[in-house]
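Here the structure comes first, spelled out in structure tokens, and everything after it is commentary.
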Amino acid sequence: MSHAGVIVLSWLQAQDLLAARAGSKASAVVSLDLNLSTRKLALDEQGVAFPDGQSLSWEALEEIAEDKKHCFLIESSGPRRIQAFSEATRLVRTLYPTREAPTMLVSGFPMHRIRGTTPMEDTRKKVDAVGRLAGCRVLDTATGLGYTAIEAARRGARVLSIELDPTALEIAKCNPWSAELFESDRIETVLGDVRDVVTRLEGRAFQVVLHDPPSVQLAGELYSRELYAQFHRVLTDRGRLFHYTGDPNSALGDRTTRGVMRRLHEAGFDQVRRAPEAFGVIAEKRPPRHVRRARRTPSTR
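Mapped onto this note's numbering, the consecutive letters of the sequence shown carry residue numbers 9 to 309.
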């Protein structure tokens with residue numbers, strides 16, 4: 009599905025249109041792409057006319073306005089919830105609206121922080137944690153809606169992004185905020201289990217790993233020492249890893265963080281430290297000791 013011309017609405021846009029109708033207005037300026045841009049639309053007694061020739065009745069808009077948990081793709085047959093059950097993972101994925109970019113719910117768990125922040129600000133803090141990315145090769149281990157890969161690519165990185173669930177990519181294709189995931193020549197997306205894919209990657213091939221898995225309750229296998237050892241293998245010397253671990257002020261988040269830090273050390277990482285502003289952990293791959301000693305030893309020639 010191409011994002012060009014796709015119309016996606018949530019309760020926020022539906023409420024704006026209904027408010028314009030209540031004010032007896034003949035037109036309204038609203039977003040048709042979940043707050044990325046706005047368009048002026050004509051209103052009449054039957055409903056709203058869209059630029060592509062489609063229309064939507066006031067009854068349909070009232071139904072959308074009452075549903076605060078879904079985004080809707082506007083099709084010729086009417087609004088369709090952007091939600092799907094994954095045969096691969098046996099989980100339900102939903103595009104969930106916010107006042108900025110949407111997030112994805114996986115069986116009710118949001119994949120971005122949305123309380124007191126926005127999905128894009130949450131993403132920026134995670135990417136900020138690893139520092140400069142211009143010219144780097146980045147491994148993004150859990151594509152989701154693609155926000156992490158998109159942000160890294162915007163900062164000048166070339167990104168390999170891995171996604172386990174085909175349903176996640178289908179949801180992303182309906183999300184206007186995910187368009188660059190499919191359009192950017194700086195992003196390559198691979199469908200597969202990161203635990204398998206990473207074993208086939210060349211060693212020392214990436215300067216940065218961004219590991220933003222679902223919560224440990226949903227994907228405990230992505231918090232293993234064996235996987236961390238593979239991340240260590242594919243990183244260059246001085247390579248950096250960011251690992252999302254959850255709210256450091258919650259009991260689960262603190263317990264998860266301590267366990268992750270211990271296993272990262274066991275997998276060979278150095279300078280493992282908390283990044284509370286990003287709800288995660290940062291680690292670095294240092295060169296082997298003999299290499300560090302050689303670099304410090306002055307030449308005798």
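Every residue, glycine too, gets a C-beta built ideally from N, C-alpha and C.
TODO: Using three-state DSSP, classify G261 as helix, strand or coil.
DONE: Locating residue 261 in the sequence shown gives position 253, where the first residue counts as 1. Correct three-state label for G261: helix.
Open item on the list: Give me the DSSP bridge partner(s) of Y231.
Closed with: The residue labelled residue 231 in the question sits at position 223 within the sequence shown. Y231 is not bridged by DSSP to any residue.
Task: Cβ pair count under 8 Å reaching 3, the region 149–168 against the region 192–203 - done: When Cβ pairs closer than 8 Å are counted between the two stretches, the region 149–168 is seen to touch the region 192–203, the count reaching three or more.
Open item on the list: Buried or exposed, going by whether 16 or more other CB atoms sit within 10 Å of the CB of L260?
Closed with: Mapped onto the sequence shown, residue 260 falls at position 252. Counting Cβ neighbours within 10 Å, L260 comes out exposed, since fewer than 16 surround it.
Open item on the list: Between the alpha carbons of V280 and V289, how many angstroms are there, rounded?
Closed with: Locating residue 280 in the sequence shown gives position 272, where the first residue counts as 1. Locating residue 289 in the sequence shown gives position 281, where the first residue counts as 1. Cα-Cα distance, rounded: 7 Å.
Open item on the list: Comparing C-alpha positions only, which one of E67, W66, T151, I90 sits nearest to K77?
Closed with: Locating residue 77 in the sequence shown gives position 69, where the first residue counts as 1. Closest option to K77, Cα to Cα, is I90.
Task: Helix, strand or coil at V16 [DSSP, three-state] - done: Taking the sequence shown and counting its residues from 1, the one referred to as residue 16 is at position 8. Of the three classes helix, strand and coil, the one that applies to V16 here is strand, per DSSP.
TODO: Buried or exposed for E171, please, with buried defined as at least 16 other CB atoms from any protein chain shown within 10 angstroms of its CB.
DONE: Translated into the one-based positions of the sequence shown, residue 171 becomes position 163. Per the 10 Å Cβ criterion, buried.
Task: Limits of the unbroken beta strand (DSSP E) element including A96 - done: One-based indexing of the sequence shown puts residue 96 at position 88. No beta strand (DSSP E) contains A96, which DSSP labels as neither H nor E.
- [ ] Compare the beta carbon distance of P222 and V114 with 7 Å and say whether it is the shorter of the two.
- [x] Taking the sequence shown and counting its residues from 1, one reaches residue 222 at position 214. Taking the sequence shown and counting its residues from 1, one reaches residue 114 at position 106. Against a cut-off of 7 Å, the Cβ pair of V114 and P222 comes out as a contact.
- [ ] Measure the C-alpha to C-alpha separation of H251 and D220 and round it to an integer number of angstroms.
- [x] Translated into the one-based positions of the sequence shown, residue 251 becomes position 243. Translated into the one-based positions of the sequence shown, residue 220 becomes position 212. Rounded to the nearest angstrom, the two C-alpha atoms are 6 Å apart.
TODO: Assuming E292 and R246 form a contact by the criterion Cβ under 8 Å, report the distance between their Cβ atoms to the nearest whole angstrom.
DONE: Locating residue 292 in the sequence shown gives position 284, counting from the first residue. Locating residue 246 in the sequence shown gives position 238, counting from the first residue. Their Cβ separation, rounded to whole angstroms, is 7 Å, which keeps E292 and R246 in contact under 8 Å.
Task: Which listed residue (L230, I179, A275) has its alpha carbon closest to that of D201 - done: Translated into the one-based positions of the sequence shown, residue 201 becomes position 193. Considering only alpha carbons, the answer is L230.
Task: Alpha-carbon to alpha-carbon, Y104 and R162 - done: Counted from its first residue, the sequence shown places residue 162 at position 154. Counted from its first residue, the sequence shown places residue 104 at position 96. Distance between the alpha carbons of R162 and Y104 is about 24 Å.
Task: Spatial distance of A227 from D130 (CA atoms) - done: For the purposes of this step, residue 227 is taken as residue 219 along the sequence shown, with counting starting at 1. For the purposes of this step, residue 130 is taken as residue 122 along the sequence shown, with counting starting at 1. Whole-angstrom Cα-Cα distance: 20 Å.
Task: Cut-off 7 Å between Cβ atoms - residues of its own chain near S94, not counting five sequence neighbours on either side - done: By one-based count along the sequence shown, residue 94 stands at place 86. R101, D173, T175, listed in sequence order.
Task: Meets three-Cβ-pair contact criterion under 8 Å: the region 61–74 and the region 17–28 - done: yes
- [ ] Mind checking who G86 pairs with in its DSSP beta bridge?
- [x] As a first step, residue 86 must be located in the sequence shown, where it is residue number 78. In DSSP, G86 forms a bridge with E83.
- [ ] Please state whether DSSP places S65 in a helix, a strand or coil.
- [x] Taking the first residue of the sequence shown as 1, we reach residue 65 at position 57. Correct three-state label for S65: strand.
Open item on the list: Closest to F277 by C-alpha separation, out of S32, V216, D148, P256, would be which residue?
Closed with: The residue labelled residue 277 in the question sits at position 269 within the sequence shown. Among S32, V216, D148, P256, the Cα nearest to that of F277 belongs to V216.
Task: Contiguous alpha helix (DSSP H) assignments of at least 4 residues, all confined to the region 94–179 - done: 127–136, 155–162
- [ ] Over the uninterrupted alpha helix (DSSP H) stretch that includes D204, give me the two end residues.
- [x] Numbered from 1 along the sequence shown, position 196 holds the residue referred to as residue 204. Taken as a continuous stretch (DSSP letters only), the alpha helix (DSSP H) holding D204 covers 202–205.
Open item on the list: As a quick exercise: from T253, N257, F214, Q225, pick the residue whose alpha carbon is nearest that of Q238.
Closed with: Stepping through the sequence shown from its first residue, residue 238 is reached at position 230. That would be F214, whose Cα lies nearest to the Cα of Q238.
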